[in-house]
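Keeping their order, the protein sequence lines are chains R and E.
Under full-length UniProt numbering, the first residue of the first sequence carries the number 1, and numbering increases by one thereafter.
Under full-length UniProt numbering, the first residue of the second sequence carries the number 1, and numbering increases by one thereafter.
Written out below as structure tokens is the structure these notes cover.
Protein chains: 2
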Amino acid sequence: MANLMTEMLKGTLEGIVLQILSGQPAYGYEITARLRANGFTDIAEGTIYALLIRIEKRGLVDVDKRPSEKGPPRKVYSLNALGQDYLNEFWRTWSFLAEHLDQLRNGGSR
Amino acid sequence: MANLMTEMLKGTLEGIVLQILSGQPAYGYEITARLRANGFTDIAEGTIYALLIRIEKRGLVDVDKRPSEKGPPRKVYSLNALGQDYLNEFWRTWSFLAEHLDQLRNGGSR
DNA sequence: ACTGGTAGATAGTAGCACTAAGTACCGGAG
DNA sequence: CTCCGGTACTTAGTGCTACTATCTACCAGT
Chain R
1 MANLMTEMLK
11 GTLEGIVLQI
21 LSGQPAYGYE
31 ITARLRANGF
41 TDIAEGTIYA
51 LLIRIEKRGL
61 VDVDKRPSEK
71 GPPRKVYSLN
81 ALGQDYLNEF
91 WRTWSFLAEH
101 LDQLRNGGSR
Chain E
1 MANLMTEMLK
11 GTLEGIVLQI
21 LSGQPAYGYE
31 ITARLRANGF
41 TDIAEGTIYA
51 LLIRIEKRGL
61 VDVDKRPSEK
71 GPPRKVYSLN
81 ALGQDYLNEF
91 WRTWSFLAEH
101 LDQLRNGGSR
């Protein structure tokens, strides 16, 4: 059975990660941990890595590889100008959706 | 380039349609028209029909076929008890997501 | 030597919205 | 009478996204 949250995250998870990166640069493992701390306990690690590669290919983030004291080198992602534009667009779309859903929920379907 | 809204609708469009049906029974064409009137101008007709068939197969709605004065017979969908449960669950999930996104947006990522 | 925590990559799967094309029915314009 | 436009529904195929599962790699402590 498909999970409701799984489907709802499609499209929004990307914005969530970009928003996190807009605060400060971060690497994958850190982002996953931050998400979990933030209540999104069920998001798989692999999902985040795949997403990061995707937004990197789209040129929304810059990457800086630096050695870690523990384990393999980290890939530190930071939001660039294009990413910021995309993030703004994301929030505009989200606001539209959230507004209309609220409206629909409160009987305002007429 | 993938549309932001398209991806964001995944998972939520289903809830939107169920919410519309919770007010009163409706048929596909009508639902499409209502969505368009509600600001969702870019939702394709085919999408709604596919979605309706899906939720019918899952047993979330009951179907009543009745002749139309214009064109082929309408398939009138109405929300049943299982659908209502699912809708409640949908709103709970949505609220969680909306809350956490708001929190994240207002610098509350720490 | 082994376990556990840190860090990332990837092949395969399922679900969803979209595109595009079609069927079917009817009324009115030409 | 034929054609067009509006109503109403169907369906095959596509692309994108999150998930599962598994793998590599590095290091510290026992």
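Just so it is clear, CB atoms sit at the ideal spot from N, CA and C, and this is done for glycine as well.
Contacts around Gly28 of chain R, its chain only, beta-carbon distance under 7 Å, and the 5 residues preceding and following it disregarded:
Ile48, Tyr49, Leu52 and Lys75
Does Met1 of chain R have its Cβ less than 7 Å from a Cβ in chain E?
Low confidence applies to Met1 of chain R: its pLDDT is 48, below 50, so where it sits in the model is not reliable enough to give any reading.
Please work out which residues of its chain come closer than 7 Å, Cβ to Cβ, to Leu35 of chain R, disregarding the five sequence neighbours upstream and downstream, and give them in chain order.
Around Leu35 of chain R: Ile43.
Beta-carbon gap between Gly39 of chain E and Met8 of chain R smaller than 7 Å:
no
Residue environment, Val63 of chain R, which counts as buried when at least 16 other CB atoms sit within 10 Å:
exposed
On a CA-only basis, which of R:Gly46, R:Ile20 and R:Glu30 is nearest Ser68 of chain R? Give me that one, please.
R:Glu30
Give me whichever residues DSSP pairs with Val61 of chain R in a beta bridge.
R:Leu79
At a CB-CB cut-off below 8 Å, which residues of chain R make contact with Gln84 of chain E?
Simply none; closest approach about 14 Å.
Check the Cβ of Lys10 of chain E against every Cβ in chain R and list those closer than 8 Å, keeping chain order.
Glu7, Met8, Lys10 and Gly11
Nearest neighbour of Gly23 of chain R, chosen from R:Met5, R:Gly71, R:Gly83 and R:Gly59 [CA to CA]:
R:Gly83
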